[in-house]
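So the structure is just underneath, and the comments pick up after that.
4 protein chains.
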Amino acid sequence: MRARYAYLGPAGTFTEAALRLVASPHDVDYLPQQHVVAALEAVRSGMADFAVVAIENSVEGAVTVVLDTLSTGDLAIVREVLVPVSFSLAARADVTLSDVRRVAAHPHAWAQCRRWLIANMPEVEHVSQTSNTVAAQQLADSGREVEFDAALVPPAALEHYPLRVLAEQVADNAAAVTRFVVVGRPGDIPAPTGADKTTLVVHLPDNEAGALLTMLEQFATRGVNLSRIESRPIGDELGRYLFSIDAEGHLAEARMAEALMGLHRVCPVVRFLGSYPRADGIANEVRPGTSSADFAAARQWVADLRGT
Amino acid sequence: MRARYAYLGPAGTFTEAALRLVASPHDVDYLPQQHVVAALEAVRSGMADFAVVAIENSVEGAVTVVLDTLSTGDLAIVREVLVPVSFSLAARADVTLSDVRRVAAHPHAWAQCRRWLIANMPEVEHVSQTSNTVAAQQLADSGREVEFDAALVPPAALEHYPLRVLAEQVADNAAAVTRFVVVGRPGDIPAPTGADKTTLVVHLPDNEAGALLTMLEQFATRGVNLSRIESRPIGDELGRYLFSIDAEGHLAEARMAEALMGLHRVCPVVRFLGSYPRADGIANEVRPGTSSADFAAARQWVADLRGT
Amino acid sequence: MRARYAYLGPAGTFTEAALRLVASPHDVDYLPQQHVVAALEAVRSGMADFAVVAIENSVEGAVTVVLDTLSTGDLAIVREVLVPVSFSLAARADVTLSDVRRVAAHPHAWAQCRRWLIANMPEVEHVSQTSNTVAAQQLADSGREVEFDAALVPPAALEHYPLRVLAEQVADNAAAVTRFVVVGRPGDIPAPTGADKTTLVVHLPDNEAGALLTMLEQFATRGVNLSRIESRPIGDELGRYLFSIDAEGHLAEARMAEALMGLHRVCPVVRFLGSYPRADGIANEVRPGTSSADFAAARQWVADLRGT
Amino acid sequence: MRARYAYLGPAGTFTEAALRLVASPHDVDYLPQQHVVAALEAVRSGMADFAVVAIENSVEGAVTVVLDTLSTGDLAIVREVLVPVSFSLAARADVTLSDVRRVAAHPHAWAQCRRWLIANMPEVEHVSQTSNTVAAQQLADSGREVEFDAALVPPAALEHYPLRVLAEQVADNAAAVTRFVVVGRPGDIPAPTGADKTTLVVHLPDNEAGALLTMLEQFATRGVNLSRIESRPIGDELGRYLFSIDAEGHLAEARMAEALMGLHRVCPVVRFLGSYPRADGIANEVRPGTSSADFAAARQWVADLRGT
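Top to bottom, those sequences are chains A, B, C and D. Per our numbering, the first sequence starts with residue 1, numbered consecutively. Per our numbering, the second sequence starts with residue 1001, numbered consecutively. Per our numbering, the third sequence starts with residue 2001, numbered consecutively. Per our numbering, the fourth sequence starts with residue 3001, numbered consecutively.
Structure follows, in structure tokens:
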């Protein structure tokens, strides 16, 4: 049976580009969804085996709805993929740059092209979209009436929707990149590679600075670096946050397992969202005294002392 | 001359409700803007004296575009205001709940009513808006063609736009609240009240867990609690973050001043965005040994030792 | 076969008083030694089963020769005993207080009575002894010529050596107490009682403040309090220290075992010198999240995540 | 007027050797004392300007009576001097090594030669002395009856007391060294050299591990290394300790001043015993962000923010 991958469609989105890096449409079923939450729910409900969702962007930061949906459980990250961010400004065939007043764009796309837009089209007005690619699709449907003159679209979308490109590479930061994760059901964890990440959700015992320090020390004491830490409201009142964390290392490594045990003891909620290979392939630093062999030797020493 | 306040308009927005808590339209000029960034830029350019902008919501978290715009400098927070979040589902006079297929809403509003919508209108479709109140305004303009059947609107908007209320209190969390800040130009800092917050932007020296601990210890060593910490991408590459921080206390208090000096020494960038009274009026905890008198006594002791 | 206890003799010493609290001379063999090191060596060589030695005094501090000898290994503390410190000034029958010029005393005894001596006998001269009780013994041997007129003696010694008491309770601090430990061979560890101590010797990886912090955090992260920490030179050069530590808790408790494992990973040398009941019987504090059940639950949680 | 130096005499002691490194007897008055406490008291009473006292030995550790006397105040360390430790075994002219049964030695000297003595004179008995040099003096007084056959003496003593040397270099550790300090009255502090030490006495707020960590963090947060930390009983009850600390740096340096202020705030007692050049002349490490210029820049930045 072919694996089924839910993702934010339609064809031509950055998410589809990420999915293509994961699995070819010849080998798996692509299940486009209208929203990232729907993609994740498709996994939860069993309608899909995996979802590919953006989790973080080098300019815009966390995709908070993804963080929040992942933090509610029953899902596991099994892989990450990085996709460079690039935008073209596209319109219908009869439109020129000087005609454009209203530009459709997802707020994140808008933000990433803001300086270019202000510099080149000072009077431009933003028409907010939930999907850049849907805007491209609507433009390509020549009979459809739309409320905008042009759209910021991913280059891949232009393969699907024949539009006039008014400008290419309009993103302000040429090095911008979006990080996608492949999400499945909890269970099989990819084997450790020596270059892995572990994603966690952690609630603090209270809202003091001290609680955050105590939590971070659980990692530091075992020599585990963090590559990302985001606070998100727990939702019940202002001032109560959970933390979404990427830590360097794999559940199968002793220093990560020990850090998790420490968190489990001192934090009211700890959720394990997966250990998976780093997209950049950079081997995790293992400080002296924090290798799995060091932990095993320490455990054996104490077992010997105990005579057990 | 009357003070001029820029804010996210039109009339009826939550932001206007926040502004009303700050100053009456009889006393100051209200300058509605189409976007929060425009409101902040109006202060920077001198077109307005102050801007009122949402910075954080108890359900949706940080308003990242505000955090990012504040972090670029030349602005200072002088006050905070809390506004309860409440939504009504409103439509034109001839529409009933069972007619509604497409609902206009800002993504944050949508997120905050998601459970109610799913439970009561399983087939409903989201039409994304940059402003809930603009949608209300458009519905109220009976001659205007719109792409949605109803809108999630703040109760205050209904005073301005006569619409049929299909349902009240549709937000999932009755205790939801949005935190607004009043932003002016750097300079005059409100006097300390004993119940204050200080907002900062801090870059870490590198991307290690150790750097975050080192930064947090600058606060902990002086007994300063944090009430909010958000990471935001610096923007140049994945894995590089700045931190937006609310710390309890006022620049005029020694423990805060000492913590800031410590940050200035160990962090490549520290921006002071203001000290201002806490909206909840709860007096800041002053742990033993961290009062301004304790700091002054310690400084005097060392001065005496030095014979200076 | 009767157990054999080596101790600093002769009869009448504080150490003998400590030994009497441990075992009656009717039940075990008392093996008096001339030096505490000899008492410890008697256990190492198998000549004795146990040694009773002073390890710490509330006024004079650590008995460094005992700390140093224990730190060289092959010995284990199995119990601690507290003995109040009290001294009488005693002389031969024909001597009065006004006759006394030279007083024999172990330097520790001298130090503990210094204020009384200076106040009452301003001209007094100290004749240093390795044992207060030996001085009492010599005075009691009326034919023996001695270089002193009186001696500071433990009250118990007066039961053995009939001397004239010139003054009682001459110790400056009426609450002074000496802590003795019963030392055996490594092996059987007394069962945990909930009110236990664990004695350790730890070398730091280098001589920085950071190394000491790192070491202490291994305890703090697991909620283990320290009741004593002494630095002692390693002996090879100035500035290199080992630490002799009493930590609250028992090797059989998970938080202590985890702290020991942490030390084993980050410190070049860790020696376990025993877990044994606290003499004061005060139950060890178990902070939230640090009970053995908490550790077991955390370990089980991680095992479940790993599917092992 | 010539400066007067009190020291542990008589001529020929290690302390005299240390004093010779400080000032020649042609330039200052040497005031030999019978005890280190007397030497320190001579400064307190004004009888002497300075005292030279041993504070630490690389084999035996702290000279606790000196630490305890210094901690009671009114004295200040102004310099440190290192003297290599070396012992000869000396006797009267008619004694050979095989005749020796009883050897006079200060307990520290005995400890430092213990292995040599056990190896070469297995039956030897220790006769405890308060001064090795006094024993040499007594041996040199041929008419005097003494209770020992030989003495462990510093080489310098042999210049004063003509004795037969039975063995040279009998100390177990050829690299052993004793650290002496020159103690004066509080007041003039030697100017900073960039290679300085500061000696402190600190009481902790309570007897928890957390309190020690909190204290150490006051140094770590300002980048101040510790070169020595000793616990000493406060004296009122078991389990209450003060800490005698040598920190790297000078009171005139901002990072040290800030660390002292932090200690003053969080510790019930902090005593400053002096800042003085390091005997080894090794320049203190100044970590990034902890130079006096860094502190001054940070202070100026906050002053600017405050508009003061």
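Using N, Cα and C, we set each Cβ at its ideal position, and we do this for glycine too.
As DSSP reads the structure, A:Ile77 sits in a beta bridge with A:Val183.
Going by beta carbons, B:Val1022 and B:Val1269 fall outside the 8 angstroms limit.
In this model, A:Asp99 and B:Val1052 are separated by some 34 angstroms (Cα to Cα).
DSSP places A:Pro107 in the uninterrupted alpha helix (DSSP H) bounded by Pro107 to Asn120.
Boundaries of the beta strand (DSSP E) harbouring B:Asp1246: Tyr1241 to Glu1248, taken from the DSSP string. Nearest CB-CB separation between B:Val1170 and chain A: not below the 8 angstroms threshold. Closest in C-alpha terms to A:Lys197, from the list A:Arg79, A:Ala109, A:Arg232 and A:Gly187, comes A:Arg79. Cβ proximity to chain D below 8 angstroms picks out His2126, Ser2128, Gln2129 and Thr2130 from the stretch 2118-2144 of chain C. In this structure, the straight-line span from the alpha carbon of A:Ile229 to that of B:Leu1075 is close to 26 angstroms. Under the 8 angstroms Cβ criterion, the stretch 3241-3260 of chain D counts as touching the stretch 3184-3201 of chain D, having at least three qualifying pairs.
In this structure, B:Leu1163 and B:Ala1091 form a Cβ contact; the two beta carbons are roughly 6 angstroms apart against a cut-off of 8 angstroms.
Looking at the DSSP output, A:Asp29 sits in a beta bridge with A:Arg4. Scanning D:Thr3133, D:Glu3041, D:Ile3077 and D:Val3059 for the CA closest to the CA of D:Glu3159 turns up D:Thr3133. Within the same chain, and ignoring the five residues on either side of C:Val2083 in sequence, the residues whose Cβ sits closer than 6 angstroms to its Cβ are Phe2014, Ala2017, Ala2018 and Thr2178.
For D:His3250, not one C-beta of chain B is nearer than 8 angstroms to its own C-beta. Note: A:Asn284 is not bridge-paired with any residue in the DSSP secondary-structure output.
For the set B:Ala1298, B:Gly1046, B:Pro1186 and B:Ser1071, the Cα lying nearest the Cα of B:Asp1246 is the one of B:Ser1071. Contact between B:Arg1222 and B:Ala1259 holds, with the beta-carbon distance rounding to 5 angstroms and staying under 8 angstroms.
Under DSSP, the beta-bridge partners assigned to D:Tyr3276 are D:Lys3197. When rounded, the separation of the alpha-carbon atoms in C:Thr2290 and C:Asn2225 is 12 angstroms. Not one beta carbon of chain C lies nearer than 8 angstroms to the beta carbon of A:Glu285. D:Leu3273 and D:Ile3077 have their alpha carbons spaced roughly 6 angstroms apart. When the five nearest sequence neighbours on each side are left out, the beta carbons in the same chain lying within less than 7 angstroms of the beta carbon of D:Ile3234 are those of His3203, Arg3240, Tyr3241 and Leu3242, in order along the chain. The shortest CA-to-CA distance from D:Asp3294 to any of B:His1264, B:Arg1044, B:Met1256 and B:Pro1190 is the one to B:His1264. Here A:Ser128 is bridged, per DSSP, to A:Ala105.
Going by beta carbons, D:Phe3219 and D:Val3081 fall outside the 8 angstroms limit. Collapsing the DSSP output to three states places C:Gly2046 in coil. A Cβ-Cβ separation of about 5 angstroms places B:Gln1129 in contact with B:Ala1104 under the 8 angstroms criterion. Cβ neighbours of C:Ala2003 within its own chain (closer than 6 angstroms, five residues either side excluded): Val2028 and Asp2049. The CB of D:Met3001 never comes closer than 7 angstroms to any CB in chain B; the least such distance is about 23 angstroms.
Here DSSP, grouped into helix, strand and coil, assigns C:Arg2092 to coil. Interface annotation, D:Glu3237: in contact with chain C, CB-CB separation under 8 angstroms. Excluding residues up to 5 positions away in sequence, Leu2089 lie with their Cβ nearer than 6 angstroms to the Cβ of C:Ala2167 in the same chain. Straight-line spacing of the CA atoms in A:Tyr30 and C:Arg2306 works out to 30 angstroms. If you draw a 10 Å sphere on the C-beta of C:Gly2187, you find fewer than 16 other C-beta atoms in it, and that means exposed. Burial is judged here by how many other beta carbons sit within 10 angstroms of a residue's own beta carbon; D:Val3127 has at least 16 and is buried.
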